[in-house]
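Counting from 1, position 191 in the sequence shown corresponds to residue 180 in the numbering used here; the numbering is continuous, with no gaps. Beta carbons: idealized from backbone N, C-alpha and C, even for Gly. Note that this is a predicted model, so its numbers are computed, not measured. Taking it in order: structure first as structure tokens, then the write-up.
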Amino acid sequence: MSIPALSQPERVAVARLQAMLELLPTALDRELAPAGLTAFEFTLLEALAEAEEHRLRLSALASRTNATLARLSRVVTGLERKGLVERAACPSDGRATNAVLTPAGLAAYQDSRGRHADAVRALVLDGLAPDDVDQLARLTYAVLTRLDPQARYGITADGVACPADPAAADEPACPADPAACPADPVTVAEPA
């Protein structure tokens, strides 16, 4: 019994998606380099900046960024050396460690947000019409529901959720009122 190969349109779509997924982080790294950050470091700072008390368990941060604990630990160590993040014991679980954003880390995040937004616009959004952006959101959400069914990344049908880890006792979940969420929620239409 043979398994049918991908059709030509399927091959093209997947090849383009893979190329974009490979090229975008490198391009963002290049744009964030003057701020002294990589795209992944920016993502970590953003998750911490939006979290309750600017802290998350390392395991929750790793899950949210799809990083192994080993990779996350290396990057957090680098951010510690830069004075942007500190590690702190988790008050409710002595076995767990939190990553905590320092005031310098919050300033670095705030200073680099505009550079990051400009890069994302230039690299991705400026080439799309508003309807294309909506379609991109729908299509990527449809794929994400298969790749991340537990929504570890915080991407939901309604948008981007707060990064708090509801499974962690010392880290409350997002408030029921989205307006009270410290994150900038992004509304995403559910795929049809």
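Nearest-angstrom beta carbon gap, residue j and residue i [assumed within contact, 8 Å]
{"i": "T57", "j": "T32", "result": "Rounded, the Cβ-Cβ distance is 15 Å, inconsistent with contact."}
{"i": "A28", "j": "P14", "result": "5 Å"}
{"i": "S81", "j": "R141", "result": "Rounded, the Cβ-Cβ distance is 21 Å, inconsistent with contact."}
{"i": "A88", "j": "L45", "result": "6 Å"}
{"i": "A108", "j": "L17", "result": "6 Å"}
Residue i, buried or exposed, once every other Cβ within 10 Å from all chains shown has been counted against 16
{"i": "G25", "result": "exposed"}
{"i": "E20", "result": "buried"}
{"i": "A8", "result": "exposed"}
{"i": "G83", "result": "exposed"}
{"i": "G189", "result": "Nothing can be reported for residue 189, as the shown portion of the chain is limited to -10 through 181."}
{"i": "G67", "result": "exposed"}
C-beta contact flag for residue i and residue j at 9 Å
{"i": "E229", "j": "R102", "result": "Beyond the ends of the chain as shown, which are -10 and 181, falls residue 229; an answer cannot be given."}
{"i": "E30", "j": "V64", "result": "yes"}
{"i": "L50", "j": "L73", "result": "no"}
{"i": "L117", "j": "L125", "result": "yes"}
{"i": "S62", "j": "A85", "result": "no"}
{"i": "L37", "j": "Y130", "result": "no"}
{"i": "P(-2)", "j": "R104", "result": "no"}
{"i": "A96", "j": "K71", "result": "no"}
Where residue i falls: helix, strand or coil (DSSP)
{"i": "V122", "result": "helix"}
{"i": "T145", "result": "strand"}
{"i": "L90", "result": "strand"}
{"i": "L73", "result": "coil"}
{"i": "L45", "result": "strand"}
{"i": "D100", "result": "helix"}
{"i": "A137", "result": "The sequence shown places Asp at residue 137, not Ala. Residue state, collapsed to three classes: coil."}
{"i": "G83", "result": "strand"}
{"i": "A24", "result": "helix"}
{"i": "D154", "result": "Caution applies to D154, whose pLDDT of 42 falls short of 50 and renders its modelled position unreliable; the value that the coordinates give is listed next. Coil at D154, not helix or strand."}
{"i": "A56", "result": "coil"}
{"i": "A8", "result": "helix"}
{"i": "A51", "result": "helix"}
{"i": "A40", "result": "coil"}
Short CB-CB distance (under 9 Å) between residue i and chain C
{"i": "A126", "result": "Absent from the structure is chain C; it holds one protein chain and no more."}
Closer than 8 Å is the cut-off here; do at least three beta carbon pairs connect the stretch 76 to 95 with the stretch 111 to 120? no
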